[in-house]
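Chemist: Taken in order, the sequence shown gives residues 1 to 158; the numbers are from full-length UniProt numbering.
Built from N, CA and C at the ideal position, the CB exists for glycine as well.
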Amino acid sequence: MKTHHRRDDDEKKLETLAEMMHLMKEIHEQRARETDEHIKDIAEKWKRGSEERDVIAEKRYEETLSKLDALWEGMSVKLMHRLNDFEERLEALERARSAPPPPRGGGGQENDDGDATAEKSNRKIKRIQQQHQQQQNSIADRRRRLDNMYAKLEDLKG
1 MKTHHRRDDD EKKLETLAEM MHLMKEIHEQ RARETDEHIK DIAEKWKRGS
51 EERDVIAEKR YEETLSKLDA LWEGMSVKLM HRLNDFEERL EALERARSAP
101 PPPRGGGGQE NDDGDATAEK SNRKIKRIQQ QHQQQQNSIA DRRRRLDNMY
151 AKLEDLKG
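1. Whole angstroms is fine: what's the gap from arginine 6's alpha carbon to lysine 13's?
2. Can you grab the Cα-Cα spacing for the pair glutamate 88 / alanine 57, in whole Å?
3. Cβ-heavy atom distance between lysine 25 and the ligand ZN below 8 Å?
4. Could you have a look at alanine 92 and say whether DSSP puts it in helix, strand or coil?
5. Can you look up alanine 99 in the DSSP assignment and give me helix, strand or coil?
6. If you draw a straight line from the alpha carbon of leucine 83 to that of proline 101, how long is it in whole angstroms?
7. Figure out for me which residue from Ser138, Tyr150 and Asp147 has the closest Cα to the Cα of leucine 79.
8. By Cβ distance, which residues of its chain are closer than 7 Å to tryptophan 72, with the 5 residues on each side in sequence left out?
9. Say whether the stretch 114-129 touches the stretch 91-98, bearing in mind that this needs 3 or more beta-carbon pairs closer than 8 Å, one atom from each stretch.
10. What number of angstroms, rounded off, separates the C-alpha of phenylalanine 86 from the C-alpha of serine 121?
11. DSSP on glutamate 110, reduced to helix/strand/coil?
Spelled out as structure tokens, the structure:
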């Protein structure tokens, strides 16, 4: 009887163990499904967030590009006005230099004053030409810097 009783206990224990293993397997499978769903949710949220970040980045890029265009346009207009002013001043000085000196009364001092005036005009012309060249160099430098900024923005966009 003891052997029979022991056998029944062993069978019950085996059945209980089999049920526990079956439950553990179901729990494991359920957790795996939940983990997969969680990972899919995270991936979907990341994808949506990434798309939103891309839209925001594109908007910021367009705003920056628009601001740079406006800045460039404003700088170009200002620089062109300055350039025109310098060119007008240079032309006026060149006309003054090439015009005969105004007649003066008195004798021998006329040539000395005329030479001094011509020398002064020449110095002014040279100074204005130097300023003009500096402005041209400054414009070229600013254009290079803006071109580099545009190139960097294009690289960031791409």
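Modeler: Here's the rundown:
1. 10 Å
2. 46 Å
3. Judged by which ligands are present, the structure shown has none, so any question about the ligand ZN falls away.
4. helix
5. coil
6. 28 Å
7. Ser138
8. Leu146
9. yes
10. 15 Å
11. With a pLDDT of 47 at glutamate 110, under the threshold of 50, the modelled position of that residue is not reliable, and the figure given next carries that caveat. If DSSP states are grouped into helix, strand and coil, glutamate 110 belongs with the helices.
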